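Following: one structure in C-alpha coordinates, then a few remarks.
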Amino acid sequence: MFHDPHIARVETKTEPEEEWRGDLLKAIAVLDRDGWCQGIGCDDKGRKCVGGALYAVAGINLTVNGDLPAFRPPDLLCRVNRAISRLDDYLGVSHFSWNDIPGRTVSEVKAMLRAAAEQ
57 MFHDPHIARV ETKTEPEEEW RGDLLKAIAV LDRDGWCQGI GCDDKGRKCV
107 GGALYAVAGI NLTVNGDLPA FRPPDLLCRV NRAISRLDDY LGVSHFSWND
157 IPGRTVSEVK AMLRAAAEQ
(Lines of atoms letter the chains of each structure in order from A and count residues from 1; the text may use other names and numbers.)
(Lines give C-alpha, C1' and ligand atoms only; values in the text may rest on other atoms or scores of the structure.)
Protein backbone atom coordinates (compact mmCIF):
# COMPACT_ATOMS: atom_id res chain seq x y z
CA MET A 1 0.00 0.00 0.00
CA PHE A 2 1.14 3.53 -0.75
CA HIS A 3 2.80 5.32 2.14
CA ASP A 4 4.58 8.63 2.05
CA PRO A 5 5.11 10.45 5.35
CA HIS A 6 4.92 13.78 3.48
CA ILE A 7 1.35 13.14 2.41
CA ALA A 8 -1.38 13.55 4.98
CA ARG A 9 -3.23 10.39 5.90
CA VAL A 10 -6.69 10.21 4.41
CA GLU A 11 -9.15 7.98 6.24
CA THR A 12 -11.05 5.67 3.90
CA LYS A 13 -13.31 2.69 4.20
CA THR A 14 -11.35 -0.54 4.08
CA GLU A 15 -13.54 -2.25 1.51
CA PRO A 16 -11.67 -2.40 -1.84
CA GLU A 17 -14.71 -1.10 -3.69
CA GLU A 18 -14.51 2.13 -1.66
CA GLU A 19 -10.72 2.48 -1.66
CA TRP A 20 -10.92 4.51 -4.88
CA ARG A 21 -12.48 7.44 -3.00
CA GLY A 22 -9.46 7.76 -0.72
CA ASP A 23 -7.14 7.31 -3.69
CA LEU A 24 -8.74 10.31 -5.43
CA LEU A 25 -8.16 12.40 -2.30
CA LYS A 26 -4.59 11.16 -1.95
CA ALA A 27 -3.96 12.16 -5.57
CA ILE A 28 -4.57 15.77 -4.49
CA ALA A 29 -1.70 15.45 -2.00
CA VAL A 30 0.54 14.00 -4.72
CA LEU A 31 -0.24 16.98 -6.96
CA ASP A 32 0.50 19.35 -4.05
CA ARG A 33 3.82 17.60 -3.45
CA ASP A 34 5.00 16.96 -7.02
CA GLY A 35 3.15 19.53 -9.09
CA TRP A 36 0.73 19.13 -11.97
CA CYS A 37 1.29 18.83 -15.71
CA GLN A 38 -0.62 18.34 -18.92
CA GLY A 39 0.03 16.19 -21.97
CA ILE A 40 2.06 13.49 -20.21
CA GLY A 41 1.72 11.28 -17.15
CA CYS A 42 4.95 12.54 -15.57
CA ASP A 43 7.23 15.22 -16.95
CA ASP A 44 10.99 15.69 -16.56
CA LYS A 45 10.43 17.77 -13.40
CA GLY A 46 8.38 15.00 -11.74
CA ARG A 47 5.07 16.83 -12.13
CA LYS A 48 2.11 14.55 -12.76
CA CYS A 49 -1.18 14.64 -14.60
CA VAL A 50 -4.26 13.40 -12.77
CA GLY A 51 -3.62 9.83 -13.99
CA GLY A 52 0.05 9.99 -13.03
CA ALA A 53 -0.94 11.14 -9.54
CA LEU A 54 -3.30 8.15 -9.18
CA TYR A 55 -0.55 5.75 -10.23
CA ALA A 56 1.75 7.36 -7.64
CA VAL A 57 -0.90 6.86 -4.94
CA ALA A 58 -0.85 3.13 -5.71
CA GLY A 59 2.95 3.09 -5.53
CA ILE A 60 3.51 2.87 -9.28
CA ASN A 61 5.79 5.65 -10.46
CA LEU A 62 5.57 6.49 -14.13
CA THR A 63 8.82 7.01 -16.05
CA VAL A 64 9.83 10.53 -17.01
CA ASN A 65 8.22 10.13 -20.42
CA GLY A 66 4.97 9.02 -18.77
CA ASP A 67 5.27 5.28 -19.44
CA LEU A 68 4.43 2.58 -16.92
CA PRO A 69 7.44 0.77 -15.43
CA ALA A 70 8.20 -2.73 -16.67
CA PHE A 71 7.15 -4.33 -13.37
CA ARG A 72 3.54 -3.56 -12.48
CA PRO A 73 2.00 -5.63 -9.68
CA PRO A 74 -1.48 -6.73 -10.83
CA ASP A 75 -3.15 -5.80 -7.55
CA LEU A 76 -1.83 -2.25 -7.76
CA LEU A 77 -2.91 -1.93 -11.39
CA CYS A 78 -6.41 -3.07 -10.41
CA ARG A 79 -6.47 -0.43 -7.70
CA VAL A 80 -5.45 2.34 -10.12
CA ASN A 81 -7.85 1.12 -12.79
CA ARG A 82 -10.74 1.13 -10.31
CA ALA A 83 -10.06 4.75 -9.34
CA ILE A 84 -9.58 5.82 -12.96
CA SER A 85 -12.78 4.07 -14.04
CA ARG A 86 -14.79 5.82 -11.32
CA LEU A 87 -13.17 9.13 -12.21
CA ASP A 88 -13.92 8.75 -15.93
CA ASP A 89 -17.53 7.83 -15.09
CA TYR A 90 -17.81 10.97 -12.97
CA LEU A 91 -16.31 13.18 -15.69
CA GLY A 92 -18.23 11.62 -18.56
CA VAL A 93 -15.01 11.76 -20.61
CA SER A 94 -11.51 10.35 -20.32
CA HIS A 95 -9.46 11.86 -17.50
CA PHE A 96 -6.67 12.34 -20.08
CA SER A 97 -8.90 14.55 -22.22
CA TRP A 98 -10.28 16.43 -19.23
CA ASN A 99 -6.82 17.00 -17.69
CA ASP A 100 -5.38 18.30 -20.95
CA ILE A 101 -8.03 20.88 -21.86
CA PRO A 102 -6.18 24.13 -22.64
CA GLY A 103 -6.60 26.62 -19.83
CA ARG A 104 -7.29 23.93 -17.21
CA THR A 105 -5.76 24.78 -13.82
CA VAL A 106 -4.43 22.66 -11.00
CA SER A 107 -7.09 24.19 -8.74
CA GLU A 108 -9.79 22.85 -11.05
CA VAL A 109 -8.14 19.43 -11.08
CA LYS A 110 -7.99 19.24 -7.30
CA ALA A 111 -11.58 20.46 -6.91
CA MET A 112 -12.74 17.84 -9.42
CA LEU A 113 -10.89 15.04 -7.58
CA ARG A 114 -12.49 16.11 -4.31
CA ALA A 115 -15.98 16.26 -5.85
CA ALA A 116 -15.55 12.88 -7.57
CA ALA A 117 -14.46 11.28 -4.29
CA GLU A 118 -17.53 12.65 -2.53
CA GLN A 119 -20.07 11.51 -5.14
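Position one of the sequence shown corresponds to residue 57 (the working numbering), numbered consecutively onward. Every residue gets a Cβ at the ideal spot worked out from N, C-alpha and C, and that includes glycine. In this text the structure is predicted, and so the values were computed from the model without any measurement.
Buried or exposed (CB count within 10 angstroms, at least 16 for buried), residue i
i, result
"Ala112", "buried"
"Cys134", "exposed"
"Asp100", "exposed"
"Asn155", "buried"
"Ala172", "buried"
"Ala167", "exposed"
"Val136", "buried"
Residue i, DSSP secondary structure in three states
i, result
"Lys101", "coil"
C-alpha gap between residue i and residue j, whole angstroms
i, j, result
"Pro158", "Asp131", "34 Å"
"Ala109", "Leu147", "17 Å"
"Gly102", "Gly91", "7 Å"
"Cys93", "Glu164", "13 Å"
"Gln175", "Leu118", "28 Å"
"Ser150", "Leu81", "18 Å"
"Val106", "Leu169", "9 Å"
"Thr161", "Val86", "15 Å"
"Arg89", "Arg138", "23 Å"
Integer Cβ distance of residue i from residue j, believed to fall under 8 Å
i, j, result
"Lys104", "Gly97", "7 Å"
> Within the chosen definition, does the region 74–86 reach the region 127–147 through at least 3 CB pairs nearer than 8 Å?
Replying inline: yes
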